[in-house]
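Okay, structure first, notes after.
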Amino acid sequence: MNQQDPLRLAGVRLLAPISVIVPTYNEAENIPELAQRLQALRNDHDVDLELLIMDDDSPDDTRGVVSRLDLDWVRLVVRTSDRGLSQAVVEGLNAARHPVLVVMDADLSHPPEKIPDMILALESGQQFVIGSRYVAGGRTDGEWGFMRWLNSRIATLLARPFSSARDPMSGFFALRRSDFIRADRLNPLGYKIGLELIVKCGLENVGEVPIYFADRKRGKSKLDFRQQLLYLMHLRRLLIYQYSALSQVFQFALVGASGAVVNLVVLTLLSRLGAPVRLAILGGIAVSIVTNFALNRRLTFSYARDQSVLPQFMGFVLASSLGAAVNFAVADGLLRFRPDMSVHLAAMAGIASGMFLNFVANRYAVFRKKRS
Ligand code: GDD
Ligand code: MN
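Per numbering that gives the first Met the number 0, the sequence shown runs over residues 0 to 371.
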């Protein structure tokens, strides 16, 4: 039988062999039910399925539980270095033997019974199939509080520049091994390995199969505040990867906006403390130059942050002054040339030109990439 071509046999569609990768940390209580439900899938669909449990050396006797299962299609990999959910998943994807790869959680929030639908979607031409909470027919457990819901929605919205999928944050997904091996420099960080794969494997056709996301019955969730910060760092990395030049302009503008806020706050504080107006204005400018410099060095031009600070700072101040001069010259020139023009329009043209010059000077002179 050719296993690449799905055949119909007594009404049951044959599925290509599957590797199911499950990252675990302290999930011993959930593993037996997970294995039993996957076993049912193996029997019902007569499919060759291996389970890879990628465990970060859990102290809860995961080893004992897995060995007592005594199933030859279940492999436990105990990891002691480079721990973390995404790292465990990537190692599992690399160790998998079968042409179809499925990643899911151990806590049974992801129903294994949906795997056949996901694989049929792969076979009908999708490259990446998500077990999705947010498509018609999908649902999360009623126990979800408002804050958890809001949190999940905001995180999903932030992923929009990288994927138009409704639930790109899901940890339940399927893809072909042939697509996975095309992955470019995987840099897993935190929880969102699915998003990382969509971007780094360049997967265009992303499909979603609705699931009912059940709350875990046993054990504890490991998603904490630290993971949410890591998610923001992960998004920034993906932004740089996908939109490198544009992402710098965007970060530069964001830093500029933060500088305006800093400037006004310092100005207000100084005048409250009784400083004369002009001194307060100068203080606001000085402090915001320093914070803008620090943030641009740390974020926008982070590739240059191991070069020496002082020359960079002087260059930054020079570029800012040059930007201000260009800003003034453009606004002034426009008003001279067309005296009937709105002052605000002229000022905006000045600001845009000043910022453009400022950015170019910083990007290509002050924080230039050193060849190594
Ligand atoms: N190896 C390893 N190392 N596994 C881990 C680690 C780790 O550091 N941290 C968590 N896991 C495993 C858990 O044991 C579980 O099997 C799975 O990763 C998901 O962890 P949970 O703690 O259950 O996560 P969750 O329910 O809060 O998050 C779920 O929803 C997210 C979307 O809202 C997961 O499905 C995530 O994958 C998903 O992104
Ligand atoms: Mn969970």
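Each residue gets a CB set at the ideal place from its N, CA and C atoms; glycine is no exception. Owing to the predicted nature of the structure, the values given are computational and were not obtained by experimental measurement.
- Using a Cβ distance threshold of 8 Å, Pro58 and Arg176 do not count as a contacting pair.
- At a threshold of 7 Å, Arg36 does not count as near ligand 2, since its beta carbon sits no closer than that to any of the ligand's heavy atoms.
- With a threshold of 16 other beta carbon atoms within 10 Å, Pro187 meets it and is buried.
- Uninterrupted alpha helix (DSSP H) stretches at least 4 residues long and entirely within the stretch 216-294 occur at 224-241, 243-271, 276-294, given in chain order.
- Val265 is positioned such that its CB atom lies closer than 8 Å to that of Val286.
- Assignment of Asp55 by DSSP, reduced to helix, strand and coil, places it in the coil class.
- By the C-beta density criterion, Phe292 is buried, having at least 16 other C-beta atoms within 10 angstroms.
- Here the distance from the Cβ of Arg132 to the nearest heavy atom of ligand 2 is not below 7 Å.
- Note that the C-beta distance between His233 and Lys191 is below 8 Å.
- Under the DSSP assignment, Ala351 falls in the alpha helix (DSSP H) whose first and last residues are 342-360.
- Residue environment: Pro31 is assigned as exposed (fewer than 16 neighbouring CB atoms within 10 Å of its CB, all protein chains considered).
- With a cut-off of 7 Å, the C-beta of Lys368 is classified as distant from ligand 1, since no heavy atom of the ligand falls inside that distance.
- By the Cβ neighbour-count rule, Met168 is buried, with 16 or more other Cβ atoms within 10 Å of its own.
- Between Ser162 and Val205, the C-beta gap is smaller than 8 Å, which places the two residues in contact.
- For Asp116, the CB contacts under 7 Å within the same chain, skipping 5 residues up- and downstream, are Val208 in chain order.
- Within the same chain, Cβ atoms closer than 6 Å to the Cβ of Ile239 are found at Ser246, the five residues on either side in sequence being excluded.
- Under the criterion of beta carbons closer than 8 Å, Phe212 and Ser108 qualify as touching, at roughly 5 Å.
- Around the beta-carbon of Tyr363, fewer than 16 other beta-carbon atoms lie within 10 Å, marking it exposed.
- At a threshold of 7 Å, Ser108 counts as near ligand 2, since its beta carbon sits closer than that to one of the ligand's heavy atoms.
- Val65 and Leu222 have their alpha carbons spaced roughly 24 Å apart.
- Measuring C-alpha to C-alpha distances from Val254 to each of Val289, Asn29, Ala279, Lys113 identifies Val289 as the nearest.
- Taking the C-beta atoms as reference points, Leu229 is found no nearer than 8 Å to Ala173.
- Three or more Cβ pairs closer than 8 Å define a contact, and the stretch 322-331 meets that threshold against the stretch 345-353.
- With a threshold of 7 Å, the Cβ atom of Asp104 counts as near ligand 2, since some heavy atom of the ligand is closer than that.
- Boundaries of the beta strand (DSSP E) around Ile129: 127-131.
- Under the DSSP assignment, Gly83 falls outside any alpha helix (DSSP H); it carries neither an H nor an E label.
- The continuous alpha helix (DSSP H) containing Val316 extends over residues 308-336.
- Minimum Cα-Cα distance from Gly91 among the listed residues Met53, Ala164, Gln311, Pro160 corresponds to Met53.
- Between Ile153 and Val88, the gap from beta carbon to beta carbon reaches 8 Å or more.
- Short of 7 Å from the beta carbon of Ala164, and not among the five residues preceding or following it, lie these beta carbons of its own chain, in chain order: Ile129, Val205, Glu207.
- Under the three-state reduction of DSSP output, Tyr363 falls in the helix class.
- The nearest non-hydrogen atom of ligand 2 is 7 Å or more from the C-beta of Arg82.
- Shortest gap from the CB of Arg215 to any heavy atom of ligand 2: under 7 Å.
- One alpha carbon belongs to Gly322, the other to Ala256, and they sit about 15 Å apart.
- Ligand 1 has a heavy atom closer than 7 Å to the beta-carbon of Glu26.
- When the beta-carbon positions are compared, Arg217 and Asn29 come within less than 8 Å of each other.
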